[in-house]
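As structure tokens, the structure follows; a few thoughts come after it.
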Amino acid sequence: MTEELLHRDEVMAAEMVGAARDVLNVMFFTDILEEADECACTRPLPIQVRVTFTGHQSGEFRLEVDELAAGSLAGSFLGADPVAGPNPEEVDQVMGELGNMICGAFLSRFEKEGLFALASPQVHRPAHGEIPGIHRGLELMDGFMDLRMCWGSIPG
Amino acid sequence: MGLIVVGISDFRCSADPEATIVTYALGSCIGVGAYDPANGVGGLLHFLLPDSRQDPDRAVAQPASYADTGIPLLLRGMERLGADRRRIRVRLAGGAQILKDDGAQLAVGKRNYMAARKLLWQMGVMVEMEAVGGTVSRNLGLTVGIGEFWVEMRGGASANEAPGGQLMESPIRKVPVAGAR
Amino acid sequence: MNSLRILIVDDSPAMRAYVRRTVQLASLPVKNVFEAGNGAEALEIVQKENRDPNKLDLIFADLNMPVMDGEQFVEKLRQDERDSKVPVLIISTDATQRRVTRLRELGAQGYISKPCQPEMIRLKVQQILGDAIESL
Numbered sequence: 001m002t003e004e005l006l007h008r009d010e011v012m013a014a015e016m017v018g019a020a021r022d023v024l025n026v027m028f029f030t031d032i033l034e035e036a037d038e039c040a041c042t043r044p045l046p047i048q049v050r051v052t053f054t055g056h057q058s059g060e061f062r063l064e065v066d067e068l069a070a071g072s073l074a075g076s077f078l079g080a081d082p083v084a085g086p087n088p089e090e091v092d093q094v095m096g097e098l099g100n101m102i103c104g105a106f107l108s109r110f111e112k113e114g115l116f117a118l119a120s121p122q123v124h125r126p127a128h129g130e131i132p133g134i135h136r137g138l139e140l141m142d143g144f145m146d147l148r149m150c151w152g153s154i155p156g
Numbered sequence: 157m158g159l160i161v162v163g164i165s166d167f168r169c170s171a172d173p174e175a176t177i178v179t180y181a182l183g184s185c186i187g188v189g190a191y192d193p194a195n196g197v198g199g200l201l202h203f204l205l206p207d208s209r210q211d212p213d214r215a216v217a218q219p220a221s222y223a224d225t226g227i228p229l230l231l232r233g234m235e236r237l238g239a240d241r242r243r244i245r246v247r248l249a250g251g252a253q254i255l256k257d258d259g260a261q262l263a264v265g266k267r268n269y270m271a272a273r274k275l276l277w278q279m280g281v282m283v284e285m286e287a288v289g290g291t292v293s294r295n296l297g298l299t300v301g302i303g304e305f306w307v308e309m310r311g312g313a314s315a316n317e318a319p320g321g322q323l324m325e326s327p328i329r330k331v332p333v334a335g336a337r
Numbered sequence: 338m339n340s341l342r343i344l345i346v347d348d349s350p351a352m353r354a355y356v357r358r359t360v361q362l363a364s365l366p367v368k369n370v371f372e373a374g375n376g377a378e379a380l381e382i383v384q385k386e387n388r389d390p391n392k393l394d395l396i397f398a399d400l401n402m403p404v405m406d407g408e409q410f411v412e413k414l415r416q417d418e419r420d421s422k423v424p425v426l427i428i429s430t431d432a433t434q435r436r437v438t439r440l441r442e443l444g445a446q447g448y449i450s451k452p453c454q455p456e457m458i459r460l461k462v463q464q465i466l467g468d469a470i471e472s473l
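Residue numbers (the working numbering), protein chains in the order written: chain A, 1 to 156; chain B, 157 to 337; chain C, 338 to 473.
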């Protein structure tokens, strides 16, 4: 990979994390403590959200998250009772919305004049399959999250 | 009656129309001002840190030190004076980044702010106005009789970089916030 | 006093819950909250509810939805003269300028880009329904 492409990927990854931070701060009341090229969590993250997008550029965004973070994020978003917490169906619904918002906020950052369309998010348990493209592992206040963005058709 | 001063890690509520409740020197701390316009009950909390799990002993001794123990105390104190949770309107001030060189301290103001918003959303109370972020120290006051809030700023930069703040203070020294009475 | 009738159109149940909670906490005089998962379902509700003497007062709509998206929904709503006056407030992650301009041309009254705080939703509702709320 040329230096120019590497630099472009770094810039895009920073924008992806910036979009995630905005969404997490404003609607989930949490923040990113650490970010790295690889996820700091040693176990596979069990919940996967896939959002495909079409438009000026097409591709797929993936978010993976652990159970603890997912439960905490969903409870915050819904204003759920902290003792009872959200039910598993609500957790999946909120994770789908989180994936949708981060993907949309990210695309809006550099598609100022373009139009894009997002498909409904698909939630998979357990997470399976990897996609190429840019990648960041995040440590949140309550767990771990992984973000990936791939442009073009997804292999396999 | 008269001036009620709320210290750090403390809260006060009043239904006295002659009272003014005030808290000083909000840096990374958050001042939570609350008011029920229907019956003139006001309250003010000055909390220091976001999460009581950091020090359970202190949380028992000084529950108003933390967002998650202090905000419920404030709302319950107002309800005891006749306020209705569904009518309570809240103003936030503080959450600044005062100590620039301390990496850990940098995040405290922002974490306090998010903890306050999270608790209030969970408890079903909406934030009407906020003056947060930046590098300024603030005072927050409430004139109970007319339900008027005000914010004073001291030093530092204005709060244009307020985290997530859609409703921000204008960069003047004293900011009256219209009462809802 | 509670008389506003509101429709929330979003394929995400989580986002419908978020908007519903915001509307409840904002102390707006809301009587009914209807929900739809896409534009086609929303049109059915609009046509049914607008036969009622108390028509719908406001519609919150997402853009990216299956079956019929938000843009097609606004276009069809405005084509039907009887239903054309219900104000539509778009809440979407797509904040591109072309999209906002296009929706305004189609007849949407307001646009909020996510992420958004609940106060922003309340503020836009008050701007759009200001006179209606005052006269209640």
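Virtual Cβ for every residue (Gly too), placed ideally from N, Cα, C. None of the values given here were measured: they were computed from a predicted structure.
Short Cβ contact (8 Å threshold) for residue i with residue j
| i | j | result |
| --- | --- | --- |
| Val367(C) | Ile343(C) | yes |
| Thr176(B) | Leu296(B) | no |
| Pro46(A) | Asp22(A) | no |
| Phe203(B) | Ala220(B) | yes |
| Asp105(A) | Thr430(C) | Here residue 105(A) turns out to be Ala, not Asp, going by the sequence shown. Yes, these two residues count as a Cβ contact at 8 Å. |
| Gly183(B) | Gly289(B) | no |
| Gly137(A) | Ala19(A) | no |
| Cys169(B) | Val188(B) | no |
| Gly133(A) | Met145(A) | no |
| Gln253(B) | Gly265(B) | yes |
| Asp348(C) | Ser72(A) | no |
| Val346(C) | Asp417(C) | no |
Rounded straight-line distance, which links the Cα of residue j to that of residue i
| i | j | result |
| --- | --- | --- |
| Lys392(C) | Ile458(C) | 21 Å |
| Phe167(B) | Glu456(C) | 25 Å |
| Ile427(C) | Glu174(B) | 45 Å |
| Gly407(C) | Pro228(B) | 40 Å |
| Val26(A) | Gly226(B) | 22 Å |
| Val178(B) | Leu140(A) | 35 Å |
| Leu460(C) | Asn369(C) | 20 Å |
| Leu395(C) | Gln409(C) | 17 Å |
| His128(A) | Glu90(A) | 21 Å |
| Arg294(B) | Met309(B) | 4 Å |
| Gln93(A) | Gly233(B) | 36 Å |
| Gly199(B) | Pro88(A) | 37 Å |
| Leu6(A) | Leu107(A) | 19 Å |
| Tyr269(B) | Ile186(B) | 7 Å |
| Gly301(B) | Glu372(C) | 41 Å |
| Val216(B) | Asn387(C) | 55 Å |
| Val425(C) | Pro212(B) | 48 Å |
| Phe116(A) | Cys453(C) | 20 Å |
| Leu323(B) | Phe305(B) | For Leu323(B), the pLDDT reaches just 37, beneath the cut-off of 50, and the residue's location in the model is therefore unreliable, leaving the point undetermined. |
| Met282(B) | Phe28(A) | 15 Å |
| Ile32(A) | Lys451(C) | 19 Å |
| Asp240(B) | Arg441(C) | 40 Å |
| Ser208(B) | Val83(A) | 16 Å |
| Asp142(A) | Gln218(B) | 25 Å |
Extent of the continuous beta strand (DSSP E) to which residue i belongs
| i | result |
| --- | --- |
| Arg109(A) | Element bounds for Arg109(A): not the beta strand (DSSP E) but the alpha helix (DSSP H), Pro88 to Phe110. |
| Met149(A) | Gly143 to Trp151 |
| Gln409(C) | Element bounds for Gln409(C): not the beta strand (DSSP E) but the alpha helix (DSSP H), Gly407 to Gln416. |
| Ala377(C) | Here Ala377(C) belongs to no beta strand (DSSP E); instead the alpha helix (DSSP H) covers Gly376 to Glu386. |
| Asp66(A) | Segment: none, Asp66(A) is in no beta strand (DSSP E) and carries neither H nor E. |
| Asp192(B) | Ile186 to Asp192 |
| Thr52(A) | Ile47 to Gly55 |
| Ile368(C) | It is Lys, not Ile, that sits at residue 368(C) in the sequence shown. Start and end: Val367 to Ala373. |
Span of the alpha helix (DSSP H), counted from its first residue to its last, around residue i
| i | result |
| --- | --- |
| Tyr222(B) | Taken as a continuous stretch (DSSP letters only), Tyr222(B) belongs to no alpha helix (DSSP H), as it is neither H nor E. |
| Thr438(C) | Gln434 to Leu443 |
| Ala215(B) | Pro212 to Ala217 |
| Met352(C) | Pro350 to Leu362 |
| Ala181(B) | Looking at the DSSP string, Ala181(B) is not in any alpha helix (DSSP H); the run it does join, the beta strand (DSSP E), is Thr176 to Leu182. |
Assigned secondary structure, residue i (DSSP; H/G/I helix, E/B strand, else coil)
| i | result |
| --- | --- |
| Phe29(A) | coil |
| Ala158(A) | Examination of residue 158(A) is not possible in this model, given that chain A is present from 1 through 156 alone. |
| Ser421(C) | coil |
| Thr42(A) | coil |
| Gln122(A) | strand |
| His128(A) | coil |
| Ile254(B) | coil |
| Met16(A) | helix |
| Ile164(B) | coil |
| Ser450(C) | strand |
| Ala74(A) | helix |
| Gly163(A) | Outside the shown range of chain A (1 to 156) lies residue 163(A), about which nothing can therefore be said. |
| Val11(A) | helix |
| Arg273(B) | helix |
| Ala36(A) | strand |
| Ala239(B) | coil |
When you compare the region 55–64 of chain A with the region 94–106 of chain A, are there three or more beta-carbon pairs, one atom per stretch, that lie closer than 8 Å? yes
Can you confirm whether the region 271–286 of chain B touches the region 73–89 of chain A when touching is taken to mean that 3 or more C-beta pairs between the two stretches lie within less than 8 Å? yes
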